[in-house]
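Quick note: the sequence shown uses this note's numbering, first residue 780, plus one each step.
Glycine is no exception: its CB is placed at the ideal position from the N, C-alpha and C atoms.
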Amino acid sequence: MASVLDLDTRNGDLTKFRVNGGLGLVSSRLTAEGPIQKGKSSFLLSGRSSYSDWMIHQYDDIDLKNSTAKFSDLTGKLFFSFLEDDILTFTGYGSTDNFRLGSSSIYSWSTVNFSSTWNHKFSDKLRSNLTLANSHYSSGEKSEDELFGYINSNDVKVLSANLDFTFVKSDKFKTSWGIIGNQYLVQPGSSIPFGDRSQSEPVSISQQKGIELAAYIENSIDLTPNLGMDIGLRY
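Encoded structure:
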């Protein structure tokens, strides 16, 4: 009923420039990566795009002839290592999707995320991570009907700041603690007429805001080679 999806974008190659990709019947991809300063910093840029309409339009069905389905996304990351104890990364991601069946409305989705992480090593046992992030998700529906056409949209924006510490006392005992702050800006929905002749009524729901603050501490303990436990508290 509930789950967490944890994605880590890998760093670009620190030693040499690389390009790889793939061609498919409905989509293709291309990735470029390499060092900015060998052994110290790197970049990674990867994108995908679809061109599936040609396959959909092969069918004689009139609805499929007028249908479309497309997506594209782009991922980028910069990695910097300096002063031996500090690592700084910048990551960005953007994607768009749209779909239409026959003469129905056009449905679209988009996501844009940016984040920056600073990892600092105080000692062999103590590390910290500071992450700042901004994400924007939006979706929409567009009807191109001349008399009653409309454009509906909604979006969610989240600003996040996380500060985490990890202390590794030994192979059998580790402590983590930190603070988290999130600000939510939600536009539940708005609708405007499509074109000057549309009789569709404009509607806009007021923006909603929320702030979430949290603090946590967790201990990971290995009691035996085959038995361990995590003890934590979050407020």
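**Request:** Please name the residue, chosen from 1006, 884, 964, 960, that lies closest to residue 1014 on a Cα-to-Cα basis.
**Result:** Ranking 1006, 884, 964, 960 by Cα distance to residue 1014 puts 960 first.
**Message:** Just to confirm the assignment, what range does the beta strand (DSSP E) spanning residue 936 have?
**Reply:** Membership of residue 936 in the beta strand (DSSP E) is indicated by the continuous run 929 to 949.
**Message:** So, does the stretch 890 to 899 touch the stretch 858 to 878, judging by three or more C-beta pairs under 8 Å?
**Reply:** Contact between the stretch 890 to 899 and the stretch 858 to 878 is present, because at least three Cβ pairs lie under 8 Å.
**Cα-Cα separation between residue 802 and residue 831, rounded to whole angstroms** = Near 13 Å, if we compare the C-alpha coordinates of residue 831 and residue 802.
**Same chain, Cβ closer than 6 Å to residue 849, five either side skipped, listed in chain order** = Excluding residues within five positions, the ones whose Cβ falls inside 6 Å are 829, 877.
**Prompt:** With a cut-off of 8 Å, do at least 3 Cβ pairs link the stretch 852 to 871 to the stretch 788 to 798?
**Reply:** Yes: the two stretches touch, three or more of their Cβ pairs being nearer than 8 Å.
**Message:** Please state the DSSP three-state secondary structure of residue 792.
**Reply:** Of the three classes helix, strand and coil, the one that applies to residue 792 here is coil, per DSSP.
**Prompt:** Nearest to residue 948 by alpha carbon, out of 902, 958, 918?
**Reply:** Among 902, 958, 918, the Cα nearest to that of residue 948 is on 902.
**Request:** Can you give me the start and stop residues for the beta strand (DSSP E) that residue 840 sits inside?
**Result:** That residue, residue 840, is in no beta strand (DSSP E); it is neither H nor E in DSSP.
**Asked** Hey, residue 963 and residue 982: beta-carbon distance below 7 Å or not?
**Response** Not closer than 7 Å, so no.
**Prompt:** Skipping 5 residues on each side, what residues in its chain have a beta carbon closer than 6 Å to that of residue 914?
**Reply:** Listed in chain order, the non-local C-beta contacts of residue 914 below 6 Å within the same chain comprise 892, 937, local neighbours out to five positions each way being set aside.
**Item:** alpha helix (DSSP H) runs contained entirely in the stretch 852 to 906, provided each spans 4 or more residues
**Value:** For the stretch 852 to 906, not a single whole alpha helix (DSSP H) run of length 4 or above is found.
**Message:** Quick check: what's the CA-CA separation for residue 863 versus residue 904?
**Reply:** So the alpha carbons of these two residues sit roughly 15 Å apart.
**Request:** Determine, using beta carbons only, whether residue 811 and residue 798 come nearer to each other than 7 Å.
**Result:** A contact, by the Cβ cut-off of 7 Å.
**Message:** I'd like the list of long-range same chain contacts for residue 998, defined as Cβ closer than 6 Å, with 5 residues on each side in sequence excluded.
**Reply:** So the qualifying residues of the chain are 954, 1010.
**Item:** Beta-bridge pairing of residue 971 - partner residues as DSSP gives them
**Value:** As DSSP reads the structure, residue 971 sits in a beta bridge with 930.
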